[in-house]
Amino acid sequence: MSGVTLEHVSKTFGEAKGVENVHIDIKQGEFFTFLGPSGCGKTTTLRMIAGFYYPSQGIIRFGDMEMTNVPPHKRNTGMVFQNYALFPHMTVFENIAFGLQVRKMSKQQIKEKVEQAQKLVHLDGYSDRRIDQLSGGQQQRVALARALVIEPSILLLDEPLSNLDAKLREETRYEIKRLQLELGITTIYVTHDQAEAMSMSDRIMVMQSGEVQQIGTPHEIYNKPANRFVASFIGETNIWEGIVREVTGNEVLVEIHQSLMLKGYVENASSSADLSVGSKIAVSVRPEVIEQCNSNSEEYDNKVQCEITVSEFNGASVNYMCNVAENVQIKAMFINQGSRVKQSGESIAFQIPKESIYFVG
102 MSGVTLEHVS KTFGEAKGVE NVHIDIKQGE FFTFLGPSGC GKTTTLRMIA
152 GFYYPSQGII RFGDMEMTNV PPHKRNTGMV FQNYALFPHM TVFENIAFGL
202 QVRKMSKQQI KEKVEQAQKL VHLDGYSDRR IDQLSGGQQQ RVALARALVI
252 EPSILLLDEP LSNLDAKLRE ETRYEIKRLQ LELGITTIYV THDQAEAMSM
302 SDRIMVMQSG EVQQIGTPHE IYNKPANRFV ASFIGETNIW EGIVREVTGN
352 EVLVEIHQSL MLKGYVENAS SSADLSVGSK IAVSVRPEVI EQCNSNSEEY
402 DNKVQCEITV SEFNGASVNY MCNVAENVQI KAMFINQGSR VKQSGESIAF
452 QIPKESIYFV G
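The working numbering runs 101 ahead of the 1-based position in the sequence shown.
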């Protein structure tokens, strides 16, 4: 096993920019995810690590060894592709064994390693099945076994769950994480699915337009976004444009609308946020941090009185979309506790805790 370092790596395709100045240090045994919308450069970055693309600039290292221009077959990486890339004319056993045969191992070694890999992904007894006789989830596990059987130093996964239905996707992501923890293998995972990234990763790199927006733990990415893009891309959030009206000690007062003033803390600001009085700023508030309060009481900070426009009951939660003022809406989410669900047209009062307000540039 080894870690992976990318030192100021860029990739261009003619005049088109694929990836620009990616600088990351992935620790040995870490589950590291590249997250972002389609076309943001995450698969290009993964393919440079695999050796399918060579960087236009920068250096790639596996541990202490430079791998920038080393061909793919000499990198000892295992890769699971989005479409699995299985051989349809081969059996499960033959697909998993392919990489070992290329390495010219003995038949006995191949048999032992393939059987071990099949057990690892719960495919015992499937050796003679053809690929077209397997479900999508079983095909995904064959692809995973084929990548793991060669005992790679680094496991690379390029949106491996995108072809599965929602329930199977959830089950399979837990299986992948279980295997990664059991084997202790450095794993780099590409996805545009935030739930996958948040639930599986030790750290996440958020990308947009070929550039890195933020690197951090799921907790850091979600609760302390580096900029407006990260705040809006990760999970749901309310983002309002405002003007800084007052800074007193460690508190900041922002005017969103003449009828909506919000107070938060200086330390809850991204590095791109300008907190000087009179500056324009964006305020991010997650729907789940908003609290319902007594409409007749004045004792609450950041109290918001509004009218419900949309009421959604989702079983586990209740979502309200409300009008606060002209062109200012707020979404709030509450855990279902069996109380009556308010309906469209009713008034409601919210409190936004000061510590839950985050300022982004």
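Ideal placement from N, C-alpha and C gives every residue a C-beta, glycine not left out.
Residues near residue i by beta carbon distance below 6 Å, same chain, minus five either side
i      : result
Arg242 : Val222 and Leu224
Met299 : Pro319
Ala198 : Ile211 and Val215
Asn420 : Glu413 and Met434
Environment of residue i [buried if 16+ CB atoms lie within 10 Å]
i      : result
Thr410 : exposed
Gln158 : exposed
Asn403 : buried
Gln240 : buried
Gln314 : buried
Pro173 : exposed
Gly446 : exposed
Asp259 : buried
Ser207 : exposed
Gly311 : buried
Arg441 : exposed
Ser254 : buried
Gln359 : exposed
Gly115 : exposed
Tyr290 : buried
Ser396 : exposed
Rounded separation between residue i and residue j - CA only
i      : j      : result
Asn324 : Met166 : 36 Å
Ile449 : Thr338 : 19 Å
Gly164 : Thr288 : 14 Å
Ile316 : Val123 : 11 Å
Thr292 : Leu201 : 28 Å
Ile251 : Glu195 : 14 Å
Lys214 : Thr144 : 29 Å
Val105 : Glu272 : 28 Å
Leu332 : Ile161 : One point to set straight first is that residue 332 is Ala, not Leu, in the sequence displayed. Using only the alpha carbons, I get a separation of about 30 Å.
Phe135 : Ala267 : 20 Å
Ala296 : Asp126 : 23 Å
Gly237 : Leu269 : 9 Å
Pro189 : Gln281 : 27 Å
Arg329 : Gly350 : 25 Å
Ser380 : Ile322 : 25 Å
Cys423 : Ile357 : 15 Å
Met168 : Ala327 : 31 Å
Pro261 : Val345 : 44 Å
Ile335 : Asp294 : 9 Å
Gly439 : Glu368 : 36 Å
Glu408 : Gln309 : 36 Å
Arg279 : Leu265 : 18 Å
Beta-carbon proximity of residue i to residue j, cut-off 8 Å
i      : j      : result
Ala151 : Thr178 : yes
Ser139 : Thr192 : no
Phe451 : Ile431 : yes
Leu376 : Lys364 : no
Leu361 : Ala433 : no
Val203 : Ala248 : no
Arg304 : Glu108 : no
Ile232 : Leu256 : no
Ile340 : Ala383 : yes
Gly137 : Val307 : yes
Ser302 : Phe133 : yes
Close-in-space but distant-in-sequence residues of the same chain around residue i (CB under 7 Å, 5 per side omitted)
i      : result
Gly416 : Asn437
Lys112 : Gly119, Val120, Thr145, Met149, Tyr154, Pro156 and Ser157
Val461 : Pro326, Asn328, Arg329, Ala332, Ser371, Ser373, Ala374, Ala383 and Ser385
Val429 : Trp341, Ile357, His358 and Leu361
Neighbourhood of residue i by C-beta, 8 Å cutoff - its chain only, sequence neighbours within 5 removed
i      : result
Glu347 : Val353, Leu354 and Val378
Tyr366 : Asn351, Glu352, Val353, Lys455, Glu456 and Ile458
The segment 241-256 in contact with the segment 182-201 per 3-pair CB rule at 8 Å: yes
Cβ contact check for the segment 377-391 and the segment 452-462: 3 or more pairs under 8 Å: yes
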